Amino acid sequence: MTAVWAFRSTCDATGCVATGAVLDETNHAIAGPSGNTAQMRYIDGSWRRLPVRKRDKPLAGCLQAPNGINDADTIVGTWELAPQPYSILRGTMTNTAGDR
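In terms of the working numbering, the sequence shown opens at residue 657 and continues consecutively.
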């Protein structure tokens, strides 16, 4: 999955925060139809999105929990982006899905 995001950052005495939105797949001048947004903090030289827990549609291959409650579609995601030369950010996105 590929997505293009746009972020705007601001800093004060307590640190730096960036807010962003996913952009439309074909027109990167407008927000995407999903309406997905994110907030990141600048910590120890990189931008980090703290873990976000969300429920999404059931994921293929996830089994229903033994207690009958389908928590298997819960996703916990984090991002970490480090500044590179020429104003490029490079990093990792981690998503964990499961019932625990």
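We put the beta carbon where it would ideally sit given N, CA and C, even for glycine. For clarity, every value in this text was computed on a predicted model and none was experimentally measured.
Under 8 Å between C-beta atoms of residue i and residue j
| i | j | result |
| --- | --- | --- |
| Trp735 | Arg705 | yes |
| Val673 | Trp661 | no |
| Glu681 | Gly688 | yes |
| Pro707 | Gly747 | no |
Integer Cβ distance of residue i from residue j, believed to fall under 8 Å
| i | j | result |
| --- | --- | --- |
| Ala738 | Ser702 | 4 Å |
Reference residue i; option with closest CA among the options
| i | options | result |
| --- | --- | --- |
| Thr666 | Thr658, Ala694, Thr675 | Thr675 |
| Thr693 | Arg664, Thr670, Thr682, Gly671 | Arg664 |
| Thr670 | Pro689, Thr682, Ile699, Ser690 | Ile699 |
| Met749 | Gln740, Pro741, Ile731 | Ile731 |
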